[in-house]
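Structure first, commentary second.
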Amino acid sequence: MRLPDPLRGGLQEVLVLTFAATGRGNCVEVDGTPYVYVRTASGSFVMRADCPHRGGPLHLAAEGPEGKSLICPWHERRTATVRMRQRIPAVRTGRTVRAVLPHPPQAEVSHQHRPLSPALAC
1 MRLPDPLRGG
11 LQEVLVLTFA
21 ATGRGNCVEV
31 DGTPYVYVRT
41 ASGSFVMRAD
51 CPHRGGPLHL
61 AAEGPEGKSL
71 ICPWHERRTA
81 TVRMRQRIPA
91 VRTGRTVRAV
101 LPHPPQAEVS
111 HQHRPLSPAL
121 AC
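Next up, the structure:
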């Protein structure tokens with residue numbers, strides 16, 4: 001799929017994937033980077049399943065006070081959910097999610113299952 005490139009003014013190639021919102025196949029891994037669909041008290045979104053700090057299992061995170069952040073189970077680093085919601089455009093329809101991921105269309109893709117913490121499976 002081609003979308004406008006806001007920085008260069010032309011079109012850029014992007015990867016659009018559909019995967020399960022819950023259960024088996026709830027994680028899509030693209031070129032070694034895992035993504036999951038989560039539902040928190042503050043909203044639903046697609047996010048990287050690993051922590052940006054040191055690669056901890058962010059899909060097992062606890063929700064911070066007031067639901068504005070996720071807390072990594074390895075180092076207790078907080079990551080703002082508002083930033084995560086804005087990073088990856090996604091739409092859920094029924095049991096599937098369609099997301100625009102920051103990878104080229106020819107990227108290597110695999111579907112997996114990753115357990116989610118109770119805070120991310122509201």
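Using the UniProt record's numbering, the first residue of the sequence shown is number 1, and each one after it goes up by one.
Every residue, glycine too, gets a C-beta built ideally from N, C-alpha and C.
Do residue 16 and residue 101 come within 9 Å of each other at the CB atom, strictly closer than that value? yes
N-terminal and C-terminal residue of the beta strand (DSSP E) that residue 79 is part of: 78 to 80
Return the bridge partner residues of residue 90 from the DSSP annotation. 99
How many angstroms separate the CA atom of residue 66 from the CA atom of residue 108? 37 Å
What residues match up with residue 69 in a beta bridge as DSSP calls it? 80
Can you look up residue 75 in the DSSP assignment and give me helix, strand or coil? coil
Residue 27: first and last residue of the uninterrupted beta strand (DSSP E) it sits in: 27 to 30
Pull the bridge partners of residue 121 from the DSSP assignment, please. 39
Spatially closest choice to residue 53 from 74, 86, 41, 45, by CA coordinates: 74
Return the residue from the list 40, 110, 105 that minimises the CA-CA distance to residue 71. 40
Do you know offhand how far residue 97's Cα is from residue 36's? 10 Å
Could you work out which residue in 79, 45, 63 is closest to residue 55 when comparing CA atoms only? 79
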